[in-house]
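Numbering (this note's numbering), first residue to last: -13 to 94.
Glycine included, C-beta positions come from ideal geometry on N, C-alpha and C.
First the structure, in the form of structure tokens, and then the observations on it.
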């Protein structure tokens, strides 16, 4: 199971700096608060481990993988709909905030 129970999260598969593919699950809610944390699943070892957290809490957001980068888009931070998105680079093992979107998307 995930290290932290969550709903309303999003996931994508990425190849990391060790050359192996992992499933990354980010954001969502633990039932009490929105989350910014991320975990990754290693199918070879059948285990979950912590990964770098996003810069914002996101619930109901979308995730897409393009050119082996994971983009977290929109969502809700517990107070308001988010018009932002950020990018995770698995080789650098870090998130980068990107420009704001033109439209706000609370649930994608």
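Count the other CB atoms, across all protein chains shown, that sit within 10 Å of the CB of residue 52; report buried if there are 16 or more and exposed otherwise.
Numbered from 1 along the chain shown, position 66 holds the residue referred to as residue 52. With fewer than 16 other Cβ atoms within 10 Å, it is exposed.
Let me check one thing: in DSSP terms, what residues is residue 10 bridge-paired to?
In the chain shown, the residue the question calls residue 10 occupies position 24. Its beta-bridge partners are -2 and 26.
Assuming residue -4 contacts residue 9 under a Cβ cut-off of 8 Å, what Cβ separation, rounded to an integer in Å, is found between them?
What you label residue -4 is simply residue 10 of the chain shown in a count that begins at 1. What you label residue 9 is simply residue 23 of the chain shown in a count that begins at 1. About 11 Å separates the two Cβ atoms, so there is no contact after all.
So, helix, strand or coil for residue 33, using DSSP?
The residue labelled residue 33 in the question sits at position 47 within the chain shown. Residue 33: strand per DSSP, three-state reduction.
Check residue 39 in the structure and name its three-state DSSP category.
For the purposes of this step, residue 39 is identified with residue 53 of the chain shown, where counting begins at 1. Correct three-state label for residue 39: coil.
Cutting at 8 Å between CB atoms, please list the residues of its own chain near residue 64, excluding the five before and the five after it.
For the purposes of this step, residue 64 is taken as residue 78 along the chain shown, with counting starting at 1. Within the same chain, residue 64 has close Cβ partners 19, 20, 43 and 45.
Please report the straight-line C-alpha distance between residue -13 and residue 34, rounded to a whole angstrom.
Taking the chain shown and counting its residues from 1, one reaches residue -13 at position 1. Taking the chain shown and counting its residues from 1, one reaches residue 34 at position 48. About 7 Å.
Might you give, ordered along the chain, the residues of its own chain that have their beta carbon closer than 6 Å to the beta carbon of residue 74, omitting 5 neighbours on each side?
Locating residue 74 in the chain shown gives position 88, where the first residue counts as 1. Only 56 and 81 meet the Cβ criterion.
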